[in-house]
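Undergrad:
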Amino acid sequence: MMKDIYVPSLSDPFYQGAQGNESVAESQVAMTNLATDDQIHLFNLPAGIRINGLQITGQFSGPGKSLQFVLLQPPLEAVILRTLDLGANGELYSTLSVKPVTTGESGGVVALRIKAGPINITFTVLLRYTVIGY
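All letters in the sequence shown, in the order written, are residues 25 to 158 by this note's numbering.
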């Protein structure tokens with residue numbers, strides 16, 4: 025059964041600066057014993073935010089693990105932003121381009137799904153976005 029986990033950055037105010045300028049939001053996570061299909065809610069986005077990319081750095085336990093970044097916009101299906109297969113060295117340094125996607129009227133939540141667990145992971149993720157407006 026999937027477990028939803030909410031990190032403190034989920035309730036941080038989301039900067040909505042000048043439209044068209046790229047902005048960055050940061051979330052830091054340290055979790056243990058995450059199972060396959062667990063879902064970590066990282067960023068709560070308002071309407072009109074276009075996601076452009078993700079940067080992730082950190083450490084994890086064990087080879088053969090897989091992570092998936094998704095945009096949750098109920099009642100719609102989750103939009104898969106990127107899937108990341110982790111190597112064997114336990115270190116994570118990745119810049120991920122994503123096909124730009126914009127949150128709708130209800131906003132959305134960027135979440136990280138564990139696709140192959142169990143895993144212990146400590147990481148920082150930067151969400152790169154622009155404000156498009158709605």
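The C-beta atom is built at its ideal place from N, Cα and C for all residues, glycine as well.
Note that this is a predicted model, so its numbers are computed, not measured.
Going by alpha carbons, who is nearest to Ser90 out of Lys139, Asp62 and Leu116?
TA: The residue with the shortest Cα to Cα distance from Ser90 is Lys139.
Undergrad: Check the DSSP bridge columns for Ser90 and list the partner residues they point to.
TA: According to DSSP, which records beta bridges pairwise, Ser90 is partnered with Asp109 and Ala140.
Undergrad: Specify the secondary structure class of Leu34 as computed by DSSP and reduced to three states.
TA: Note: Leu34 maps to helix in three-state DSSP.
Undergrad: Please classify Ser85: does DSSP put it in a helix, a strand, or coil?
TA: Correct three-state label for Ser85: coil.
Undergrad: Apart from the five residues on each side of it in sequence, which residues of its chain come closer than 7 Å, Cβ to Cβ, to Ile104?
TA: Gln92 and Val94.
Undergrad: What would DSSP say about Leu78, mapped onto helix, strand or coil?
TA: Correct three-state label for Leu78: strand.
Undergrad: By the 10 Å Cβ neighbour count, where 16 or more other Cβ atoms means buried, how is Ala59 classified, buried or exposed?
TA: Result: exposed.
Undergrad: Are three or more beta carbon pairs between the segment 115–122 and the segment 44–51 nearer than 8 Å?
TA: They do not touch, by the three-pair rule.
Undergrad: How far does the beta strand (DSSP E) with Glu50 in it extend, from its first residue to its last?
TA: Segment Glu46 to Leu58, the beta strand (DSSP E) holding Glu50.
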